[in-house]
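Here it is as structure tokens:
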């Protein structure tokens with residue numbers, strides 16, 4: 010484990026970078042957003058990130074960060090709980106995306122660190138970004154071989170919605186080109202249908218016969234056209250929990266294959282948001298080494314609850330209840 014100063018915020022808060030490494034992999038975590046800054050496997054850097062803190066402050070694509078208090082979109086930036094309406098930041102076409110200026114904007118505290126793991130915590134105040142109740146959150150990253158395990162825990166002091174995820178951007182060929190030729194398989198027979206603002210419309214169709222049928226390996230860009238710019242959709246994972254990893258019962262979520270690497274994703278969550286980097290490049294920015302961000306230049310697999318679930322009474326936690334979430338990103342050679 011190595012620690013160094015990554016930068017200082019305008020507030021004077023210092024942001025540190027921690028490095029976990031072994032023979033085949035290196036994982037860099039920064040305390041701003043508890044974000045994966047870099048993941049290098051077999052000598053290839055496969056997760057997007059920036060060389061400077063200023064670039065993270067400029068970025069709006071949530072690179073590598075923990076997302077909360079509620080990940081993904083909340084319709085009309087509001088929700089009702091126990092007869093009271095809570096108004097949230099409207100940061101996405103009149104809706105709330107990723108909790109407003111959420112956990113990815115905060116500096117997390119390092120609670121414990123070892124040669125192969127780091128645990129960070131953050132306390133979200135009552136009323137932060139419009140969400141009720143104080144919430145204590147922790148995330149642990151563990152590097153095991155060429156796999157990364159992420160464990161989340163969140164404990165509320167008052168009734169509140171909770172849905173966390175990580176927003177790492179992957180390119181298994183290394184950054185510079187697009188991911189349209191990457192092949193993907195998602196273990197889901199259904200997906201969450203959305204409207205033009207990517208808000209769920211209440212339907213959960215079967216994927217068969219649609220562009221969302223990714224039950225067998227298919228090039229990510231195979232269905233892209235003028236009318237379909239790429240995936241930014243939640244897939245409802247098959248229910249079988251038939252894999253034991255790190256002592257946890259996890260379901261397979263997705264597999265991605267590129268030129269020489271493959272990545273398998275496992276989780277205990279009900280869904281995974283497959284985002285194909287459709288909006289990368291709209292705001293000019295460069296990844297590490299001055300590599301320009303481009304449309305479809307990376308993909309995300311964000312394990313999660315269903316988008317807008319809190320407007321349907323799902324994802325609400327009472328005092329005494331604990332939110333937990335585990336996901337494994339496991340990389341191998343082809």
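Numbering (our numbering), first residue to last: 10 to 343.
C-beta atoms are modelled at their ideal positions from N, C-alpha and C, and glycine is treated no differently.
DSSP state of residue i mapped onto helix, strand, coil
i: residue 86; result: helix
i: residue 78; result: coil
i: residue 15; result: strand
i: residue 305; result: coil
i: residue 254; result: strand
i: residue 137; result: helix
i: residue 334; result: strand
i: residue 178; result: coil
i: residue 104; result: strand
i: residue 112; result: helix
Span of the beta strand (DSSP E), counted from its first residue to its last, around residue i
i: residue 284; result: 280-284
i: residue 60; result: Residue 60 -> no beta strand (DSSP E), and no H or E assigned at all.
i: residue 5; result: Here the chain comprises residues numbered 10 to 343, so residue 5 is not present and cannot be evaluated.
i: residue 164; result: 156-165
i: residue 261; result: 257-266
i: residue 314; result: Note, residue 314: premise wrong, no beta strand (DSSP E); not H, not E.
i: residue 328; result: No beta strand (DSSP E) contains residue 328, which DSSP labels as neither H nor E.
i: residue 147; result: 144-153
i: residue 246; result: 241-246
Cross-strand partners of residue i (DSSP beta bridge)
i: residue 341; result: 271
i: residue 209; result: 203
i: residue 372; result: This structure leaves residue 372 out entirely; the chain is present only between 10 and 343.
i: residue 118; result: 130
i: residue 296; result: 300
i: residue 35; result: 30 and 49
i: residue 228; result: 192
i: residue 197; result: 246
i: residue 23; result: 17
i: residue 215; result: 199
i: residue 184; result: 186
i: residue 172; result: 79
Length of the line joining the Cα atoms of residue i and residue j
i: residue 185; j: residue 98; result: 33 angstroms
i: residue 218; j: residue 198; result: 11 angstroms
i: residue 242; j: residue 271; result: 21 angstroms
i: residue 221; j: residue 83; result: 22 angstroms
i: residue 233; j: residue 17; result: 41 angstroms
i: residue 230; j: residue 239; result: 7 angstroms
i: residue 171; j: residue 325; result: 6 angstroms
i: residue 58; j: residue 127; result: 18 angstroms
i: residue 163; j: residue 259; result: 19 angstroms
i: residue 70; j: residue 311; result: 13 angstroms
i: residue 336; j: residue 327; result: 24 angstroms
i: residue 298; j: residue 308; result: 19 angstroms
i: residue 366; j: residue 132; result: Examination of residue 366 is not possible in this model, given that the chain is present from 10 through 343 alone.
i: residue 279; j: residue 147; result: 20 angstroms
i: residue 93; j: residue 140; result: 12 angstroms
i: residue 125; j: residue 235; result: 45 angstroms
i: residue 292; j: residue 277; result: 34 angstroms
i: residue 117; j: residue 46; result: 14 angstroms
i: residue 158; j: residue 283; result: 19 angstroms
i: residue 342; j: residue 196; result: 21 angstroms
i: residue 212; j: residue 200; result: 9 angstroms
i: residue 315; j: residue 24; result: 32 angstroms
i: residue 177; j: residue 56; result: 6 angstroms
i: residue 249; j: residue 50; result: 29 angstroms
i: residue 322; j: residue 224; result: 29 angstroms
i: residue 160; j: residue 257; result: 11 angstroms
Cβ of residue i within 8 angstroms of any chain D Cβ
i: residue 15; result: Going by chain labels, chain D is absent from the structure shown, which holds only one protein chain.
Pick from the options that is closest to residue i, judged by C-alpha positions
i: residue 60; options: 26, 90 and 88; result: 26
i: residue 110; options: 90, 247, 79 and 124; result: 79
i: residue 305; options: 194, 182, 331 and 120; result: 182
i: residue 91; options: 279, 168, 227 and 189; result: 168
i: residue 207; options: 81, 155 and 331; result: 81
i: residue 37; options: 253, 67, 131 and 15; result: 15
i: residue 205; options: 166, 331, 254 and 101; result: 101
i: residue 63; options: 323, 288 and 294; result: 294
i: residue 267; options: 189, 286 and 213; result: 189
i: residue 121; options: 149, 136, 95 and 105; result: 149
i: residue 19; options: 339, 67 and 34; result: 67
i: residue 2; options: 119, 165 and 107; result: In this structure the chain extends from 10 to 343, so residue 2 is not present and cannot be described.
i: residue 175; options: 288, 42 and 339; result: 42
i: residue 330; options: 180, 247 and 166; result: 166
i: residue 288; options: 296, 303, 76 and 275; result: 303
i: residue 30; options: 96, 214 and 152; result: 152
i: residue 86; options: 115, 269 and 317; result: 317
i: residue 113; options: 142, 228, 254 and 74; result: 74
i: residue 319; options: 254, 48 and 105; result: 105
i: residue 255; options: 313, 154, 263 and 301; result: 154
Contact test: residue i Cβ vs the ligand PLP heavy atom, cutoff 7 angstroms
i: residue 57; result: What this structure holds is no ligand at all, so the ligand PLP is not there to describe.
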